[in-house]
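Trainee: This is the structure I have questions about; it appears just below.
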Amino acid sequence: MSTTAVPEVAVTTVDEGFWTRARKTGAVLLALGVLATVLFGALATGQQARFTLSETEGGAALEINGTVGAILFGVIAAVAGAALLAGVPKRWFTLVLGVGLVGFVLSFLCWQVSAAPDGRNFMPLVNIVRGTFILALPLIFGALAGVLCERSGVVNVAIEGQLLMGAFSGALFGSISGSVWVGLVAAAIGGALISLLLAVFAIRYLVDQVVMGIVLNLLAVGVTGFLYERLMQTDATKYNSAPRFSNWEIPLLKDIPLIGPALFRGNIFLYLGLLLVLVIHIALFRTRWGLRTRSVGEHPTAADTLGVKVLRLRYRNVIMAGLVAGVGGASYTLALYSFTKNMIGGKGFIALAALIFGRWSPTGALLAALFFGFADQLATYLGAIGSSIPSQFLAMLPYLATILAVAGLVGRVRAPAADGKPYIKG
1 MSTTAVPEVA VTTVDEGFWT RARKTGAVLL ALGVLATVLF GALATGQQAR FTLSETEGGA
61 ALEINGTVGA ILFGVIAAVA GAALLAGVPK RWFTLVLGVG LVGFVLSFLC WQVSAAPDGR
121 NFMPLVNIVR GTFILALPLI FGALAGVLCE RSGVVNVAIE GQLLMGAFSG ALFGSISGSV
181 WVGLVAAAIG GALISLLLAV FAIRYLVDQV VMGIVLNLLA VGVTGFLYER LMQTDATKYN
241 SAPRFSNWEI PLLKDIPLIG PALFRGNIFL YLGLLLVLVI HIALFRTRWG LRTRSVGEHP
301 TAADTLGVKV LRLRYRNVIM AGLVAGVGGA SYTLALYSFT KNMIGGKGFI ALAALIFGRW
361 SPTGALLAAL FFGFADQLAT YLGAIGSSIP SQFLAMLPYL ATILAVAGLV GRVRAPAADG
421 KPYIKG
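Read in full-length UniProt numbering, the sequence shown has 222 at position 222, and its numbers run on one by one without any break.
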């Protein structure tokens with residue numbers, strides 16, 4: 001079949017007057033910059049804030065006086081906000097916004113690190129980067145599962161259930177067999193089973209896809225919780241002691257400062273997650289399968305007219321998404337933890353937010369997942385140095401970052417036109 005361009009969907013623009021979204025964002029960023037300059041600058045101490053390029057306090061480090069750093073980076077955030085408020089060219093919006101947000105975060109960190117007790121007033125950047133990727137892994141796999149589904153026109157709210165079933169299946173069958181590879185295959189199949197139910201009910205029986213996704217999440221929680229109590233709690237040694245994937249070190253690359261120890265001394269899930277982002281991005285935008293997938297997600301009737309098997313493609317992609325999410329669930333139980341009830345803890349919904357924040361793109365989803373992973377890791381770090389911020393707020397930080405990102409930073413995005421709309425072949 002010859003590749004045919006997908007018809008463009010007309011988008012009507014609305015004149016927003018002076019207060020465009022960019023200027024509103026700039027006003028908020030300016031206020032945050034002023035807050036950082038005044039408040040963080042006042043709360044920071046004259047101690048050096050050390051950002052070490054290692055896993056410990058020793059070695060090379062970037063140092064700055066806490067008060068000076070908090071004020072300086074706060075001013076940078078305020079200037080970036082003022083630039084957006086004044087009106088910068090559209091092509092510079094993302095860069096200026098990024099500089100402003102980084103400035104605000106660094107101002108906050110200068111306050112926190114300089115005010116930490118002696119012996120803890122440093123931030124080991126290697127641990128932060130490594131922790132960010134580890135915590136982002138299930139989000140990366142979950143967001144990729146969302147990309148595969150929603151680019152095909154099927155809303156995937158069941159990412160939470162797919163991750164949970166993958167984690168449970170990996171732990172159970174990995175423990176019984178004593179093989180991490182058996183556990184990995186079982187995890188992928190577990191996630192695919194949830195996806196198969198989503199595909200059958202959403203595509204064949206035209207059940208509301210959002211409602212079906214929520215039902216499947218509850219089903220996964222119920223099934224895994226029941227089997228956990230009946231099997232794993234009664235005999236954890238036999239049913240909940242899966243072997244772990246060891247870390248694989250890549251020669252030469254592992255010795256790169258900062259990035260090497262964090263990225264090239266990881267386990268299979270880290271390498272597989274990054275590889276899948278690359279493969280799915282290329283496949284989605286550079287292959288015939290990708291063109292057909294995007295056609296089905298935008299205009300299934302036109303795709304059908306050109307000979308694309310719409311329902312078959314949706315079935316295949318939704319099940320493929322389950323395989324990917326199942327592997328993401330295994331990143332918990334075959335690399336880090338033993339299985340516990342409802343251990344995913346809402347990460348599937350954060351992955352869904354990463355999908356939206358990343359504008360339904362594999363690379364965008366990766367960056368969004370890393371943003372949320374950093375928020376999670378930052379909360380852990382602040383708790384470890386005895387931050388004066390209440391622990392309850394620190395626990396909220398990843399979810400708060402999710403809300404702010406989707407509601408305030410993502411801007412205007414358009415989902416695939418046929419996303420969530422059943423296709424009935426005429």
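Note that the Cβ used here is the ideal one computed from N, Cα and C, for glycine as well.
Is there at least one non-hydrogen atom of the ligand HEM closer than 6 Å to the beta-carbon of residue 291?
Mentor: This structure simply doesn't include the ligand HEM, nor any ligand for that matter.
Trainee: Let's test the definition: count the other Cβ atoms within 10 Å of the Cβ of residue 172 and tell me whether it reaches 16, buried, or not, exposed.
Mentor: buried
Trainee: Taking the beta carbon of residue 246 as the centre, do at least 16 other beta carbons fall within 10 Å, making it buried, or is it exposed?
Mentor: exposed
Trainee: In the DSSP output, what is residue 266 paired with across the bridge?
Mentor: 248
Trainee: According to DSSP, is residue 64 part of a helix, a strand, or is it coil?
Mentor: In the structure shown, residue 64 adopts extended strand secondary structure according to DSSP, grouped into three states.
Trainee: Put residue 73 into one of helix, strand or coil per three-state DSSP.
Mentor: helix
Trainee: Below 8 Å on the Cβ atoms is my contact criterion, and I expect residue 428 with residue 376 to pass it. Report the Cβ-Cβ distance as a whole number of Å.
Mentor: This structure gives no information on residue 428, because the portion of the chain shown stretches from 1 to 426.
Trainee: Taking three-plus beta-carbon pairs below 8 Å as touching, is the stretch 177-194 in contact with the stretch 113-133?
Mentor: no
Trainee: Between residue 74 and residue 33, which are expected to be in contact by the criterion C-beta below 8 Å, what is the C-beta distance as a whole number of angstroms?
Mentor: 6 Å
Trainee: Mapping DSSP to helix, strand and coil, what is residue 320?
Mentor: helix
Trainee: Residue 18: buried (16+ other C-beta within 10 angstroms of its C-beta) or exposed?
Mentor: exposed
Trainee: Kindly indicate if chain D contains any beta-carbon less than 7 Å away from that of residue 396.
Mentor: Annotation note: the requested chain D is absent from the structure, which comprises a single protein chain.
Trainee: Assuming residue 374 is part of the alpha helix (DSSP H), what are its boundary residues?
Mentor: 362-384
Trainee: Alpha carbon to alpha carbon, how far is residue 306 from residue 327?
Mentor: 34 Å
Trainee: Below 8 Å, how does it come out for the stretch 181-200 and the stretch 325-342: are there three or more Cβ pairs, yes or no?
Mentor: yes
Trainee: With a threshold of 16 other CB atoms inside 10 Å of the CB of residue 330, please say whether the residue is buried or exposed.
Mentor: buried
Trainee: Once DSSP output is grouped into helix, strand and coil, what is the label at residue 123?
Mentor: strand
Trainee: What is the rounded straight-line gap between the Cα of residue 333 and the Cα of residue 67?
Mentor: 43 Å
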